[in-house]
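Single-structure report; data block below.
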Amino acid sequence: EYFKGNYTEQVKTAFAPFYRDNIDAAVIDIGHDPIDKYKLVVLSSAYLIDDATAAAVRRYVANGGTLIMTGYSAKVDATGKWFGTPLPGGLTDVFGLRTNEFYRSWNPLIVSFQGKQLTGSDNYYEVLEPSTAKTLAVFENTPARSPAITVNQYGKGRAIYLATAAQTPFIDPLIRSLY
């Protein structure tokens with residue numbers, strides 16, 4: 274079984290920093306609702322990515338937006354089939370990376386970010402292979418010490434990838450580093 278997390282809890286966790294900091298935020302369908310007016314968009318565990326959502330992500334970032342995507346995202350297309358291309362499906366150029374390896378750590382994940390060691394609660398992680406993306410944080414206790422957070426300049430904007438589920442110790446400081 275690939276997706277073991279609770280989707281609703283992961284979305285709430287990604288939304289929580291905005292709520293706690295009293296930042297105006299909305300939960301929308303980015304494939305069908307306009308997102309141009311938002312300064313930051315977070316796609317948490319967006320397992321299924323249809324063509325409209327991929328196009329909206331691409332356009333938003335190219336035009337200057339900042340988008341965070343978390344692990345478990347862009348794995349299957351609109352029909353529920355695993356993408357036949359490198360992952361994140363249809364968005365490898367936007368995020369400047371690919372990921373085709375997924376693991377569960379025996380221990381809670383530890384990430385070094387902005388000079389701090391952060392310990393997570395979900396042991397799922399993806400091994401990222403950056404091409405044009407820059408590494409912002411690494412997993413300290415995985416065999417390869419692979420990137421945990423990357424950022425890629427795409428067009429006028431930034432695409433940020435968190436290589437695990439949205440979990441408070443990681444997503445809070447990442448989001449807060451952007452405002």
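Here the sequence shown is numbered in the numbering used here, starting from 274 and rising by one per residue. Glycine residues also receive a C-beta, built at the ideal position from the N, C-alpha and C atoms. Keep in mind that this is a model prediction, so the values were computed, not measured.
Counted as a single uninterrupted DSSP element, the stretch harbouring Q387 is not any beta strand (DSSP E), since DSSP gives it neither H nor E.
Each residue's CA atom was taken as its position, placing I301 and V315 some 10 Å apart.
Of the residues I308, I322, G353, I383, the one whose Cα lies closest to the Cα of Y397 is I383.
In the assembly as shown, L451 is an exposed residue. Its beta-carbon has fewer than 16 other beta-carbons within 10 Å. The continuous beta strand (DSSP E) containing L340 extends over residues 339-343. Unbroken beta strand (DSSP E) stretches of 3 residues or longer found wholly inside the segment 308-354: 313-316, 339-343, given in chain order.
Under the 8 Å Cβ criterion, the segment 431-439 counts as touching the segment 385-399, having at least three qualifying pairs. Taking every protein chain shown into account, the CB of G337 has fewer than 16 other CB atoms within 10 angstroms, so this residue is exposed. The C-beta of Y292 has fewer than 16 other C-beta atoms within 10 Å across all chains shown, which makes the residue exposed. Assignment of L435 by DSSP, reduced to helix, strand and coil, places it in the strand class. In the pairwise beta carbon analysis, the segment 422-437 is classified as touching the segment 404-411: at least three pairs are separated by under 8 Å.
Put simply, the backbone Cα of A347 is about 13 Å away from that of D366. R371: not part of any alpha helix (DSSP H); member of the beta strand (DSSP E) spanning 370-377, first to last residue. Here T286 really is in contact with I444; their C-beta atoms are around 6 Å apart, less than 8 Å.
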